[in-house]
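Worksheet for the structure shown next.
There are 2 protein chains.
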Amino acid sequence: MTEMTPKEFRSLVRGGTWTDATEMVCRGYAQANLAIVPKEIALEFFTFCFRNPRPCPLMDVTDPGNPHPKLVAPQADLRTDLPKYRVFEKGELVDEPTDITRYWRDNLVAFLLGCSLSFEWALRAANISFRFLGAYSTDISCIPAGIFHGPMVVTCRFVKGTDEAVRAIQICSRHLFSHGAPVHIGDYGKIGIKDLYSPDMGRSDLVGGVIPPQEPDEIALFWGCGVTPQAVAVAAKPPLMITHFPGCMFVTDKLSSDLVVL
Amino acid sequence: MTEMTPKEFRSLVRGGTWTDATEMVCRGYAQANLAIVPKEIALEFFTFCFRNPRPCPLMDVTDPGNPHPKLVAPQADLRTDLPKYRVFEKGELVDEPTDITRYWRDNLVAFLLGCSLSFEWALRAANISFRFLGAYSTDISCIPAGIFHGPMVVTCRFVKGTDEAVRAIQICSRHLFSHGAPVHIGDYGKIGIKDLYSPDMGRSDLVGGVIPPQEPDEIALFWGCGVTPQAVAVAAKPPLMITHFPGCMFVTDKLSSDLVVL
Chain F
3 MTEMTPKEFR
13 SLVRGGTWTD
23 ATEMVCRGYA
33 QANLAIVPKE
43 IALEFFTFCF
53 RNPRPCPLMD
63 VTDPGNPHPK
73 LVAPQADLRT
83 DLPKYRVFEK
93 GELVDEPTDI
103 TRYWRDNLVA
113 FLLGCSLSFE
123 WALRAANISF
133 RFLGAYSTDI
143 SCIPAGIFHG
153 PMVVTCRFVK
163 GTDEAVRAIQ
173 ICSRHLFSHG
183 APVHIGDYGK
193 IGIKDLYSPD
203 MGRSDLVGGV
213 IPPQEPDEIA
223 LFWGCGVTPQ
233 AVAVAAKPPL
243 MITHFPGCMF
253 VTDKLSSDLV
263 VL
Chain P
3 MTEMTPKEFR
13 SLVRGGTWTD
23 ATEMVCRGYA
33 QANLAIVPKE
43 IALEFFTFCF
53 RNPRPCPLMD
63 VTDPGNPHPK
73 LVAPQADLRT
83 DLPKYRVFEK
93 GELVDEPTDI
103 TRYWRDNLVA
113 FLLGCSLSFE
123 WALRAANISF
133 RFLGAYSTDI
143 SCIPAGIFHG
153 PMVVTCRFVK
163 GTDEAVRAIQ
173 ICSRHLFSHG
183 APVHIGDYGK
193 IGIKDLYSPD
203 MGRSDLVGGV
213 IPPQEPDEIA
223 LFWGCGVTPQ
233 AVAVAAKPPL
243 MITHFPGCMF
253 VTDKLSSDLV
263 VL
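If you're matching them up, the sequences are chains F and P in order.
Here the first sequence is numbered in this note's numbering, starting from 3 and rising by one per residue.
Here the second sequence is numbered in this note's numbering, starting from 3 and rising by one per residue.
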């Protein structure tokens, strides 16, 4: 799957052959978080994402009723081309289908938000050693917009030594569509995380079933996380909201390297 | 005026003391184009700007009815803090007031879009020799959104030699909120400009009343222009649209250097 083109991969997904996570598919291509809301609250959600670009880096926004993401994959169909979805009504999870054609309406607006898979590939390509700890709710407040407000969710990675940490920050700063630069460096207590070794969500890099403790030369870097907009949006209890199923992202036609800045 | 803080300058403007252009005020602070539209078409205008970031680099979006730009100058008031405005009804210019308090309504959404003054300061600071030719309509189509569509307007600057042209491109690429990288290099005929020496608008750098011709070592660089969204929006004939008066920009609290990427 790693060597497939996005078009080939989405065709498998559309045909129902692939309903699993997308972590290792289509190497080098940018993947995206999905959030679909009715037009009535789309301006507020758009504004929320714009005001909070680190957790919510906007890659594409569709016209109401149009399921084709014009900027990042104009031939794709957001109703069928993700492996799995989640459907929320008034903040309650009501369905986890592999196709949302029957939920689609003429007033729905889809937002695609970058995810950290892109800059992780870039870090690996630069031979930067990092390990992923998990995702955490923090006491950093997002800038609210309309009904949308709440705390930022972050991910944590340990990077070895100052040189590699600096290089990691430089590299991910260029990946604005993949959460950009870290939102915090160092002491996790300062952003309201109680226990770094008990992440709220996300697959940690485990050794023997546990997360090995921080070594003296490891620096903790924290990035905005794509779970934030969903958590915030679900808390706002909109009449309808459809998202991707965690890990089952939308694969765009854009190479991550084409989306970097300078 | 060059050494004033944005807060001091806006207070002069608010008091009616300054109703003129802002080109040389508050050195180093980012200035912005203004476009205000009713909530009913704000989602479409927001989407248009998002899809066309070179001509329409979004710096801030207000909540409906709220005249305070939360991100770039939370204490400012967009109804009084610009030297001069233009009011359009159904695409027709109906007023050019110095205050829009009487036009303000609870359903208005204001968009602030970066302008090229910021990267021009950065080019001067880097000792890059350039001259400004003017602004031109082109045959580059903007990506449409809802009622908004039309050609991109660009500005042209001549830069001396490859080394300075490369450096200019590197520098302005970092200024994403100030139109970012050029949209075209070289032959103006390729983007539908008929006569480079008769710009459609904008103050050219004249010598003896004329634009001196391009010298052999001068390279023509073309950037997206902040007139684009207004031209497109006015063509769409929205019931109401309020913009800044050309040259009379909004001065933000953000240093341009704080808005650069990497």
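Using N, Cα and C, we set each Cβ at its ideal position, and we do this for glycine too.
With a threshold of 8 Å on Cβ separation, who are the neighbours of residue i within its own chain once the five nearest residues in sequence on each side are excluded?
i               : result
G188 of chain F : I221 and A222
V74 of chain P  : A32, A34, M61, D62, L114, T254, D255 and K256
W123 of chain F : R29, G30 and S258
R16 of chain P  : D79, T82 and D83
S118 of chain P : T157, S180, H181, W225, C227 and G228
Q216 of chain F : F160, L198 and A222
H70 of chain P  : T64, P76, Q77, A78, D79 and L80
Y190 of chain F : Y138, C158, L198, A222 and F224
E46 of chain F  : A147, G148, I149 and F150
Identify which residue in the options has its Cα closest to the Cα of residue i.
i               : options                           : result
N68 of chain F  : F:Y190, F:F48, F:K92 and F:P40    : F:P40
K192 of chain P : P:L208, P:W123, P:I142 and P:L264 : P:I142
L36 of chain F  : F:T7, F:A233 and F:D260           : F:A233
F113 of chain F : P:F48, P:P214, P:V229 and P:L257  : P:F48
I171 of chain F : F:L198, F:F121 and F:S206         : F:F121
G1 of chain P   : P:P57, P:A44, P:V96 and P:V15     : The structure shown does not extend to residue 1 of chain P, since chain P spans only 3 to 264, so no value can be given for it.
P241 of chain P : P:V96, P:T64 and P:Q77            : P:V96
S175 of chain P : P:T64, P:L264 and P:E46           : P:L264
V236 of chain P : P:L14, P:E91, P:P76 and P:T19     : P:E91
G136 of chain F : F:A128, F:E46, F:I173 and F:L198  : F:L198
M243 of chain P : P:I38, P:T4, P:G18 and P:M3       : P:I38
T140 of chain F : F:G18, F:E5 and F:T230            : F:T230
E98 of chain P  : P:M251, P:W106 and P:V89          : P:V89
F132 of chain P : P:L208, P:M251 and P:G18          : P:L208
A127 of chain F : F:E5, F:I173, F:W106 and F:E46    : F:I173
V2 of chain P   : P:Y105, P:L125 and P:W106         : Past the edges of chain P, shown from 3 to 264, lies residue 2 of chain P, and the structure says nothing about it.
Starting from residue i, follow its DSSP beta bridges and name the residues at the other end.
i               : result
E94 of chain P  : P:E91
T245 of chain P : P:A37 and P:R88
A44 of chain F  : Looking at the DSSP assignment, A44 of chain F forms no beta bridge with any residue, so it has no partner.
P225 of chain P : Sequence inspection shows Trp at residue 225 of chain P; the Pro mentioned does not correspond to that position. Paired residues: P:T157.
Y31 of chain P  : P:L257
H186 of chain P : P:F224
K162 of chain P : P:E220
L208 of chain P : For L208 of chain P, which the question treats as bridged, DSSP gives no partner whatsoever.
D62 of chain P  : P:L114
S143 of chain F : F:P153
A137 of chain P : P:T157 and P:M203
Which same chain residues end up closer than 7 Å to residue i when comparing Cβ atoms and leaving out the 5 residues on each side of it in sequence?
i               : result
V253 of chain F : P8, F11, R12, T24, V27, C28, Y31 and Q33
T21 of chain F  : P85, K86 and T100
I1 of chain F   : Because chain F here runs from 3 to 264, residue 1 of chain F falls outside it and cannot be looked at.
D219 of chain P : K162 and G163
G152 of chain P : C144, A233, V234 and A237
K239 of chain P : K92 and G93
I213 of chain F : L135, Y199 and S206
L14 of chain F  : W20
Measure the Cβ-Cβ separation of residue i and residue j and say whether it is below 9 Å.
i               : j               : result
D101 of chain P : T82 of chain P  : yes
R53 of chain P  : F134 of chain P : no
F247 of chain P : Y87 of chain P  : yes
V185 of chain P : G211 of chain P : no
Excluding the 5 residues preceding and the 5 following residue i in the sequence, name in chain order all residues of the same chain whose CB lies nearer than 6 Å to its CB.
i               : result
E166 of chain P : I130
F50 of chain F  : A147 and F150
F179 of chain P : P59, M61, G116 and L261
P66 of chain P  : K41, N109 and V111
A44 of chain P  : V111
G249 of chain P : A23
Y280 of chain F : No answer is possible for residue 280 of chain F: it lies beyond the span of chain F, which begins at 3 and ends at 264.
T103 of chain P : R81
M3 of chain F   : V27
Given a limit of 7 Å on CB to CB distance, which residues of the segment 49-68 of chain P reach chain F?
T49, F52, R53, L60, V63 and D65
Contact residues within the segment 165-193 of chain P, judged by C-beta distance below 8 Å to chain F
Q172, S175, R176 and L178
What residues from the segment 30-46 of chain P come within 9 Å of chain F, judged by C-beta to C-beta, listed N to C?
K41, A44, L45 and E46
What residues in the segment 70-101 of chain F have a beta carbon less than 9 Å from any beta carbon of chain P?
K72 and L73
Relative to chain F, which residues along the segment 100-116 of chain P have a C-beta separation below 7 Å, given in chain order?
none
When Cβ atoms are compared, which residues of the segment 131-146 of chain P fall closer than 8 Å to chain F?
I145
Between the segment 252-264 of chain P and chain F, which residues of the former have CB atoms less than 7 Å from a CB of the latter, in chain order?
V263 and L264
Residues within the segment 215-229 of chain P neighbouring chain F, beta-carbon criterion of under 7 Å:
none
Counting only Cβ-Cβ distances shorter than 7 Å, please list the residues of the segment 202-213 of chain P near chain F, keeping chain order.
none
Residues, ordered as in the chain, of the segment 145-161 of chain P that lie near chain F by beta-carbon distance below 8 Å:
I145, A147 and G148
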